[in-house]
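Chemist: Please read through the structure below; I'll follow up with questions.
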DNA sequence: GCAAAACCTCAAGATTTTCTCAAGTTCGGA
DNA sequence: TCCGAACTTGAGAAAATCTTGAGGTTTTGC
C-alpha cells in the first residue's frame, strides 16, 4: 500500500510495528537512530515517516527540522503520554500528526491513511470521455467500449490531444508541435502513419471513421460516429 | 453553479451527495426511483443528471433510453466497481460519462465540470450565424437549418468569409486574395465555380438566391432571403 | 430591343492531399 | 551486444478538390 519509514530506538517496538504494518501490505523500513533515519529517508523517499521521540542521538525537534530542510514527506510523531505537550508543539515544527504511545497498529494505520490522504495531490481526474472512448492520462489507459487498447506512447498522446479538444479540427502541424515537440516539416508521413495505426486499433478505417474524421485540407477531429 | 439532478435509491448516499454538492454552490434535487427521476428531470430540466445504476424499479439502461427519447441532458452514470463494464457500455447508450462507486465528491464534481464544459461553447466561440446558416470554423462545420453541409475546404473558407462580413458586398478580387491568397487574374472562373457549387449545396440558384446575392458589377454579399 | 459585358454552369483533366504498405532506424532493456 | 517495440521515411495508390475552357444566361447601357 504505502512505503513507510519508522524511526524508533526500541528494537522490540520496531519489530512489532514493522511486522504489523508489513502484514497489512505496507512496505516498511526502519532505523534506530536519528542520523541513520535521516540518511535512509533521504535515500529511499518513503510516503510517510513515523518518528519516535526520545531518540538517543538527537532531539526529535532537531531531526524534524533537518528533515524538513530536505524533504516534504509527511511525518507522524510518536510520543509517550507524559511527553504529550511537547508532541503537540511539534505539530508547529513540521510534523503532520502525532500518536501517543503505547498505540495500537489500528490507530497508527488510521493516522497513516489520514496523512496520506491529506498530502495527496487533489485527485483531479483528467479522464476524457467521447462516446465509447475513455482516455485517462494518469494511468495512460485508453478503452474502447470497455476494452483496453494497446497503444504506443505517441499513439496515446495523439489520441489524448484529439480527445482533449474533441470536436475541434486539429492540424498535423499542431499535432507535430504538441506530441512531438518539433516543428513540422511539411513532407512528413509520421503523423499520418500514427493516425493510421490508431485507426486500425480503434477498429475503423479512414473511409468509414467512427471517431477520427479527417477534414480535408485542414486536419483531423475526434468526434463520435 | 449548476442545476443537478441525482437519481439514487440509497437515502444515505443521496443525503450525502446532495449536501456536498449543495455546499459547493450547486442547485441539487434528487429522486429515489427511475420513474420519479424521469418525471422530475423532464419537469425541471437540470443541467446534468447523475444516474445510479441498480435502481429498484427500472434498469439503468432502460431509464437512459427513455430519458434520451425526451431530453438531451448530459448524464453521468454511477456504478459499483463490479458493474464497471456495464457502465462503460452505457456510454454507447447515451450516457456522457461514468464514475465508479464509491466516489469522492471531488471526483464527481470534476466529472460534472467536464460534461458541462463539453456541452458549452468553447472559450471563444468563432461561430457565425446568418439566418438559418451556422458556420463554425473550429469544427469546420456548417449547418443549414440544422443539417450539416458537406463543403470542400475552399467552399468552407469562402462561405465563412462571406458570413464574417454578411451584408457587405465582397468582390471576387478580395475573395481570391482572402481565400486563395493569390493575386486575382481577371479572367478566372475559379471563384465563380466555387460560388456555384456553394449555391447548389445551399439549395439555391443564382436567379433565386436565399443567401448568396450577386451585386452585378461589384461582387457577392451574404444575407438571408 | 440589341449587343456587349458580366455571370453562371458543366464536365473533364490536372493537382493536391491523404492513406497505407513496407522497409529502414532508434532506443531501451535482457 | 542482441532483440523487439516504437518510430521514421519513401513511394505509390486512392481520394478529394481545384482549375480550366467552352458555352449558355442574365444584366446593363444605348
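Residue numbers (the working numbering), protein chains in the order written: chain A, -5 to 219; chain B, -5 to 219. Heads up, the beta-carbon is just placed ideally off N, CA and C, and yes, glycines get one too.
In this structure, does DSSP put residue 135 (chain A) in helix, strand or coil?
Modeler: strand
Chemist: Touching or not, the segment 189 to 204 of chain A and the segment 125 to 139 of chain B, by the rule of three or more beta carbon pairs under 8 Å?
Modeler: no
Chemist: Along the chain, where does the alpha helix (DSSP H) containing residue 32 (chain B) start, and where does it finish?
Modeler: Segment 28 to 38, the alpha helix (DSSP H) holding residue 32 (chain B).
Chemist: Since residue 23 (chain A) is in the beta strand (DSSP E), which residue starts that stretch and which ends it?
Modeler: 21 to 25
Chemist: Tell me, please, whether the segment 38 to 53 of chain B touches the segment 114 to 130 of chain B by the rule of three or more beta-carbon pairs shorter than 8 Å.
Modeler: no
Chemist: Looking at residue 85 (chain B) and residue 54 (chain B), is the spacing between their C-beta atoms short of 8 Å?
Modeler: no
Chemist: In whole angstroms, what separates the C-alpha of residue 107 (chain B) from that of residue 98 (chain A)?
Modeler: 42 Å
Chemist: I need the straight-line Cα distance from residue 72 (chain A) to residue 46 (chain A), nearest angstrom please.
Modeler: In a straight line, the C-alpha of residue 72 (chain A) is about 5 Å away from that of residue 46 (chain A).
Chemist: Could you tell me the alpha carbon to alpha carbon distance between residue 100 (chain A) and residue 30 (chain A), rounded to whole angstroms?
Modeler: 27 Å
Chemist: Spatial neighbours of residue 16 (chain B) within its chain, please: C-beta separation below 6 Å, excluding the five flanking residues on both sides.
Modeler: 22
Chemist: With DSSP collapsed to three states, give me the class of residue 130 (chain A).
Modeler: strand
Chemist: Taking residue 175 (chain B) as the reference, which of B:50, B:151, B:201 has the closest Cα?
Modeler: B:151
Chemist: If you reduce the DSSP assignment to three classes, tell me which class residue 171 (chain A) lands in.
Modeler: Residue 171 (chain A) falls in the helix class under three-state DSSP.
Chemist: Under a CB-based cut-off of 8 Å, is residue 54 (chain A) close to chain B?
Modeler: no
Chemist: Return the first residue and the last residue of the beta strand (DSSP E) that residue 55 (chain B) is part of.
Modeler: Residue 55 (chain B) -> not in any beta strand (DSSP E); alpha helix (DSSP H) instead, spanning 54 to 64.
Chemist: Which residue marks the beginning of the beta strand (DSSP E) containing residue 44 (chain A), and which one marks its end?
Modeler: 42 to 46
Chemist: Where does residue 117 (chain B) sit, in a helix, a strand or coil, going by DSSP?
Modeler: The DSSP-derived three-state label of residue 117 (chain B) is coil.
Chemist: At what residues does the alpha helix (DSSP H) containing residue 8 (chain B) begin and finish?
Modeler: 5 to 17
Chemist: For residue 162 (chain A) and chain B, any beta-carbon pair shorter than 8 Å?
Modeler: yes
Chemist: Applying the criterion that 16 or more other CB atoms from any shown protein chain within 10 Å of the CB defines a buried residue, is residue -5 (chain B) buried or exposed?
Modeler: exposed
Chemist: Straight-line CA distance for residue 18 (chain B) to residue 12 (chain A)?
Modeler: 41 Å
Chemist: Nearest to residue 190 (chain A) by alpha carbon, out of A:178, A:177, A:207?
Modeler: Minimum Cα distance to residue 190 (chain A) is reached at A:207.
Chemist: Quick check on this structure: which residue in A:166, A:211, A:145, A:57 has the alpha carbon closest to the alpha carbon of residue 183 (chain A)?
Modeler: A:166
Chemist: To the nearest angstrom, how far is the alpha carbon of residue 199 (chain B) from that of residue 1 (chain B)?
Modeler: Their Cα atoms are separated by approximately 52 Å.
Chemist: Looking at the unbroken beta strand (DSSP E) that takes in residue 74 (chain B), where does it start and where does it end?
Modeler: 69 to 74
Chemist: Report buried or exposed for residue 114 (chain B), applying the criterion of at least 16 other Cβ atoms within 10 angstroms of its Cβ.
Modeler: Sixteen is the threshold: since fewer than 16 other Cβ atoms of the shown chains lie within 10 Å of the Cβ of residue 114 (chain B), the residue is exposed.
Chemist: By alpha-carbon positions, which one of B:28, B:87, B:3 ends up nearest to residue 59 (chain B)?
Modeler: If we check each option's Cα against that of residue 59 (chain B), B:87 comes out closest.
Chemist: Could you tell me which of A:28, A:66, A:68 sits nearest to residue 50 (chain A), measuring between CA atoms?
Modeler: A:28
Chemist: Determine the DSSP secondary structure at residue 208 (chain A), reduced to helix, strand or coil.
Modeler: strand
Chemist: Against chain B, with Cβ distances strictly below 8 Å, would residue 139 (chain A) count as a contact?
Modeler: For residue 139 (chain A), the answer is yes, since a Cβ of chain B falls inside 8 Å of its Cβ.
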